[in-house]
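Protein chains in written order, with this note's numbering: chain A, 306 to 608; chain B, 306 to 608. The structure under discussion appears below in the form of structure tokens.
2 protein chains.
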Amino acid sequence: MTRIVIHEVGPRDGLQMEKQVVPLETKEGWIRRVMDAGVDIVQVGSFVHPEKVPQMADTDELFRRLTTGKTSTTLLSGLVLNEKGLERGLACGVEMFCLGASASETHSRKNTGMGTEEATERIVGAAKQAVAAGRKVQVSVQSAFGCGFEGPVPEERVLGMVRAYLEAGLRSISLADTAGHADPAQVERLFGAVLKLDPGVECTCHFHNTYGLGMANIFAARRAGVTSFETSFAGLGGCPFTRVAAGNVATEDLVHVLQRQGFRTEVDLERLIAVARDVAAHFGRDMQGYVHRTGPIATKEPS
Amino acid sequence: MTRIVIHEVGPRDGLQMEKQVVPLETKEGWIRRVMDAGVDIVQVGSFVHPEKVPQMADTDELFRRLTTGKTSTTLLSGLVLNEKGLERGLACGVEMFCLGASASETHSRKNTGMGTEEATERIVGAAKQAVAAGRKVQVSVQSAFGCGFEGPVPEERVLGMVRAYLEAGLRSISLADTAGHADPAQVERLFGAVLKLDPGVECTCHFHNTYGLGMANIFAARRAGVTSFETSFAGLGGCPFTRVAAGNVATEDLVHVLQRQGFRTEVDLERLIAVARDVAAHFGRDMQGYVHRTGPIATKEPS
Chain A
306 MTRIVIHEVG
316 PRDGLQMEKQ
326 VVPLETKEGW
336 IRRVMDAGVD
346 IVQVGSFVHP
356 EKVPQMADTD
366 ELFRRLTTGK
376 TSTTLLSGLV
386 LNEKGLERGL
396 ACGVEMFCLG
406 ASASETHSRK
416 NTGMGTEEAT
426 ERIVGAAKQA
436 VAAGRKVQVS
446 VQSAFGCGFE
456 GPVPEERVLG
466 MVRAYLEAGL
476 RSISLADTAG
486 HADPAQVERL
496 FGAVLKLDPG
506 VECTCHFHNT
516 YGLGMANIFA
526 ARRAGVTSFE
536 TSFAGLGGCP
546 FTRVAAGNVA
556 TEDLVHVLQR
566 QGFRTEVDLE
576 RLIAVARDVA
586 AHFGRDMQGY
596 VHRTGPIATK
606 EPS
Chain B
306 MTRIVIHEVG
316 PRDGLQMEKQ
326 VVPLETKEGW
336 IRRVMDAGVD
346 IVQVGSFVHP
356 EKVPQMADTD
366 ELFRRLTTGK
376 TSTTLLSGLV
386 LNEKGLERGL
396 ACGVEMFCLG
406 ASASETHSRK
416 NTGMGTEEAT
426 ERIVGAAKQA
436 VAAGRKVQVS
446 VQSAFGCGFE
456 GPVPEERVLG
466 MVRAYLEAGL
476 RSISLADTAG
486 HADPAQVERL
496 FGAVLKLDPG
506 VECTCHFHNT
516 YGLGMANIFA
526 ARRAGVTSFE
536 TSFAGLGGCP
546 FTRVAAGNVA
556 TEDLVHVLQR
566 QGFRTEVDLE
576 RLIAVARDVA
586 AHFGRDMQGY
596 VHRTGPIATK
606 EPS
């Protein structure tokens, strides 16, 4: 049985949406605790222009701190959208590069100033450089299930990008539901089509909860053969360049149900819940996750 | 293809949890609008002792008002837990009786003062009377997937109750996840086992979102062959006699995704969203549903 991989993206996809910039030391503390809990991959931040996303201005420094004397087996990933970001990431010790382009022309232009085709070509080029530098690489298709600007995104556009990745030898591929439009039937169909192109693809999924379907989509993806899941502490998240977006599926909610089913029981759920509670307390508002509020299901509760 | 049935239980399972008693006229207005939206069944209220659940004290009067001169094809259901409730329901025009007992001994005793076996026998007796009176009847197993007091509930206990219902000729059966403990694999397994006992059972499901799994469980139930879904406007809900409980899956969230998939497109989603917004406004707090906040996915949004 293939191991289920948990990729915590809260420090990037969660914090980039927040008006309030979180101090470096606070971020570092949250990330270290998620690593200690035994999560497989943590996305530390993105390498984008600090004027565009000031919340991510300290990503390089965070990587330097976290990789210095590192003994944890948790991989530290960074999101890169262009060559400049790649250069920064290579310099500061990114262990796994996440590179992506959007299947929506409008979303792609708003996010990068380039259309889908050009953005994909540049991502493929940057990904090849990261591979050549000996780093792990995951490439993604953003807005793979629909776009807040354009509406439905044709599956053939997504599969075209996947083919471009596969032709370049890039076989760790994430499909991201940036706007939250995916439904379970679509998820199963699209990941099925990807795995038909190449049954050896390591498929990752990333779902936003805009319309309440994140967890249902995760289980649909699992059924289709997806083994890696991008989730966010407390359910924090969104993309600043989409029109309507809501949180990610909460990491502790996913780990909780997986453990109910006998998977990944060695991950320290209590520690993840504690981090999610601290994240919620930091922002001082209700978060979308459930389990950090309720606690895990007790085997037997006192009456 | 079997038609998917939507059963709105907000006026009962939602409102019974609220400290604030909703005025009869307000309830009546919400119910009429849900009927006008084309929902198949609306659970108007329960017949329990008004001192125990004062929020439901006006159920009889509501039924009288709603059935007088009724032309809508929406069925009006009422929840009954004992013979006295049955008597009241028969007198005031309940069209569909929902009768149930809990598979959890502790939950059953707290809810009815009887253990599971005795409660099931009495429910079967009352259900037979309702059938004899020419009414539609649905019987349920509460706490079918776990109990906030007892923890796991053995599947054999649930199947034992289902067998008792089937032997009495009662073939419309709902499994309710009162505490929200169900996970998708368990849901598929348990409904599969029920349908193996009798492939002709009309299965209904009812999931609480305590741990964020309601919608995922609905899709698991659909896969197992369940065709009827109990949901609540705005996601309101819970049971006053369980220890930890959270809202139901929101009716408008379910209709929204079903319509994305081409099902039940004749139901008036905008009207359901308007009701959910009014329910949220009435209580003046954030509700768990999503679509009443975001609106439906637009085919193409303006950029």
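Glycine included, every Cβ here is placed at the ideal spot set by N, Cα and C.
Show which residues of chain B have a CB atom less than 7 Å away from the CB atom of residue i.
i	result
A/GLY418	What A/GLY418 touches in chain B: nothing, since even the nearest Cβ is about 15 Å away.
A/ASP318	None at all; the shortest Cβ gap to chain B is about 18 Å.
Quick one: list the residues of chain B neighbouring residue i, beta-carbon separation under 8 Å, in chain order.
i	result
A/MET520	GLY517, LEU518, MET520, ALA521
A/ASN514	TYR595
A/ALA555	GLY517
A/ASP591	ASP591
Excluding sequence positions up to five away, which residues of its chain have a Cβ less than 6 Å from the Cβ of residue i?
i	result
B/ASP503	LEU471
A/GLU313	VAL339, VAL344, VAL347, THR556
B/ALA585	ALA539, MET592
B/GLY451	PRO457, VAL458, ALA484, HIS486
A/SER351	ARG317, MET361, LEU384
A/GLY519	PHE512, VAL554
A/GLY315	SER537, PHE538, LEU541
B/ARG369	CYS397
A/TYR595	ASP558
Find the residues of chain A that neighbour residue i, judging by a C-beta separation of less than 7 Å, and give them in chain order.
i	result
B/PRO489	PHE524
B/ALA603	GLY456
B/THR532	What B/THR532 touches in chain A: nothing, since even the nearest Cβ is about 16 Å away.
Tell me whether residue i sits in a helix, a strand or coil according to DSSP, three-state version.
i	result
B/VAL597	The sequence shown places His at residue 597 of chain B, not Val. Reduced to three states, the DSSP call for B/HIS597 is helix.
B/LYS332	helix
B/LYS324	coil
A/VAL446	strand
B/GLY350	strand
A/GLU455	coil
A/MET520	helix
A/LYS441	strand
A/GLU423	helix
A/GLY540	helix
A/GLU313	strand
A/ILE478	strand
B/MET401	strand
B/PHE568	coil
B/GLU535	strand
A/ALA555	strand
B/PHE588	helix
B/ALA484	coil
A/ALA406	strand
B/VAL358	coil
B/ALA413	Correcting the residue type first, residue 413 of chain B is Ser in the shown sequence and not Ala. B/SER413: helix per DSSP, three-state reduction.
A/THR509	strand
A/GLY465	helix
Looking at chain A, is there any beta carbon in it that lies within less than 7 Å of the beta carbon of residue i?
i	result
B/ILE262	Outside the modelled stretch of chain B, which goes from 306 to 608, sits residue 262 of chain B, for which no answer is possible.
B/VAL562	yes
B/HIS486	yes
B/THR331	no
B/ASP558	yes
Please report whether the beta-carbon of residue i lies at a distance below 7 Å from any beta-carbon of chain B.
i	result
A/TYR595	yes
A/ASP482	no
A/PHE546	Bear in mind that the predicted position of A/PHE546 carries a pLDDT of just 47, short of 50, making it unreliable; the figure below should be weighed with that in mind. Cβ-Cβ to chain B under 7 Å: no for A/PHE546.
Show which residues of chain A have a CB atom less than 9 Å away from the CB atom of residue i.
i	result
B/ALA449	None at all; the shortest Cβ gap to chain A is about 15 Å.
B/VAL347	Ordered by position in chain A, no residue passes the 9 Å Cβ test against B/VAL347, which lies about 21 Å from the chain.
In chain order, what residues of the same chain lie with their CB nearer than 8 Å to the CB of residue i, ignoring the 5 residues before and after it?
i	result
A/ALA396	ASP365
A/VAL429	VAL444, ALA469, TYR470, ALA473, LEU475
B/THR379	VAL339, MET340, GLY343, VAL344, ASP345, ILE346, VAL347
B/PHE568	ILE309
B/GLU460	ARG494, LEU495, ALA498
Check the Cβ of residue i against every Cβ in chain B and list those closer than 9 Å, keeping chain order.
i	result
A/ASP503	Within chain B, no residue comes near A/ASP503; the closest Cβ sits about 26 Å away, beyond 9 Å.
For residue i, which residues in chain A fall below 8 Å Cβ to Cβ?
i	result
B/THR599	THR515, TYR516, VAL549, ALA551
Taking 6 Å as the cut-off, does the CB of residue i come closer than this to any heavy atom belonging to the ligand SAH?
i	result
B/LYS415	As presented, the structure is devoid of all ligands, the ligand SAH included, so that no description of it is given.
Who are the Cβ neighbours of residue i in its own chain at under 7 Å, not counting the five residues just before and after it?
i	result
A/GLN321	SER351, VAL358, GLN360, MET361, PRO545
B/SER413	ALA406, SER407, MET419, GLY420, THR421, ALA424
Notebook entry, point to check: Listed in chain order, which residues of the stretch 392-404 of chain B have Cβ atoms closer than 7 Å to some Cβ of chain A?
Noted result: none
Next item on the list: Note down, in chain order, all residues in the stretch 564-587 of chain B with a beta-carbon under 9 Å from any beta-carbon belonging to chain A.
Entry: ARG565, GLN566
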